[in-house]
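**Q** Take 1 as the starting number for the sequence shown in full-length UniProt numbering and just add one per residue.
Glycine is no exception: its CB is placed at the ideal position from the N, C-alpha and C atoms.
Since the structure is predicted, the reported quantities are computational estimates derived from the model, not experimental observations.
Can you read through this structure? Questions will come right after.
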Amino acid sequence: MQDITIHSAIDFKTYFKIVLKMTFKPRLFITMLAVLIILEGAAYPDISFTWRSQEWILYYFILWFAIILPGALYLTSKRNMKRVATLREPLVYVINEDKIEVKGDTFSNTSNWQYISRLIEREKYFLLRTGVKGIHYLPKDGFELKEDIARLKQIVKEKGIKFSYK
Numbered sequence: 001m002q003d004i005t006i007h008s009a010i011d012f013k014t015y016f017k018i019v020l021k022m023t024f025k026p027r028l029f030i031t032m033l034a035v036l037i038i039l040e041g042a043a044y045p046d047i048s049f050t051w052r053s054q055e056w057i058l059y060y061f062i063l064w065f066a067i068i069l070p071g072a073l074y075l076t077s078k079r080n081m082k083r084v085a086t087l088r089e090p091l092v093y094v095i096n097e098d099k100i101e102v103k104g105d106t107f108s109n110t111s112n113w114q115y116i117s118r119l120i121e122r123e124k125y126f127l128l129r130t131g132v133k134g135i136h137y138l139p140k141d142g143f144e145l146k147e148d149i150a151r152l153k154q155i156v157k158e159k160g161i162k163f164s165y166k
């Protein structure tokens, strides 16, 4: 069977959106809320509970999730785009049933399907997740043949990899 070839180049705007979507998950909000409740209980054990006294939790949530965390992610994403060569240069992915090859101007890499944990389909691209933080960005308009999109989904299904459309 013929290999699937994908030409990929990511811009900062798309990269930053992916970073935000990978960071802002319900688990993060629940964890932060639990931490704030525990901190309040430890700091003020003798104060009676009133909703008026709980305003500070709302203020911390707004400050953290609307200002500090997005700002830090923006600065980190900017730094990564400058430092990480694989984000700046165009990449060529060659995918078949056995392996995934990535070739760029300054590097090349080959990995097996066993290291892929999930395929996420978006409107304009696919993300192949490798572990917790690693991704491969595959734009749909980068496929040489449009039929290769269906073939990629079929390979993922055959390998038993989780698939989601978000």
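Is Ala9 near Leu128, with beta carbons less than 9 angstroms apart?
**A** No, the Cβ-Cβ distance between Ala9 and Leu128 is not below 9 angstroms.
**Q** If you draw a straight line from the alpha carbon of Gly131 to that of Leu119, how long is it in whole angstroms?
**A** Each residue's alpha carbon lies about 12 angstroms from the other.
**Q** Under the rule that 16 or more other beta-carbon atoms within 10 Å means buried, what is Ile155, buried or exposed?
**A** Ile155 should be labelled buried.
**Q** Classify Asp148 as buried or exposed, calling it buried when 16 or more other Cβ atoms lie within 10 Å of its own Cβ.
**A** When all chains shown are included, Asp148 counts as buried.
**Q** DSSP beta-bridge partners for Glu101?
**A** Answer is Val94, Thr110, bridged to Glu101.
**Q** Determine the closest residue to Val19 out of Ile30, Thr31, Arg79, His7, with distance taken between C-alpha atoms.
**A** Closest option to Val19, Cα to Cα, is Arg79.
**Q** Is it the case that the Cβ atoms of Glu40 and Ile62 are separated by a distance below 9 angstroms?
**A** No, Cβ-Cβ distance for Glu40 and Ile62 is not below 9 angstroms.
**Q** Pull the bridge partners of Arg129 from the DSSP assignment, please.
**A** According to DSSP, which records beta bridges pairwise, Arg129 is partnered with Arg118, Ile135.
**Q** Which residues in the same chain have their Cβ closer than 8 angstroms to the Cβ of Glu158, if we skip the five residues on either side of it in sequence?
**A** Excluding sequence neighbours, Glu158 sits near Glu97.
**Q** Could you compute how far the alpha carbon of Met81 sits from the alpha carbon of Leu36?
**A** Cα to Cα, the separation comes out at about 33 angstroms.
**Q** Buried or exposed, going by whether 16 or more other CB atoms sit within 10 Å of the CB of Ile95?
**A** It is buried - the Cβ of Ile95 has at least 16 other Cβ atoms within 10 Å.
**Q** By the DSSP assignment, the alpha helix (DSSP H) with Lys153 in it spans what residues?
**A** First-last of the alpha helix (DSSP H) with Lys153: 147 to 159.
**Q** Between which residues of its own chain and Gly142 is the CB-CB distance below 6 angstroms, once the five residues before and five after are set aside?
**A** Here the set comprises Ile6, His7, Ser8.
**Q** Does DSSP put Lys162 in a helix, a strand or coil?
**A** Three-state result, Lys162: strand.
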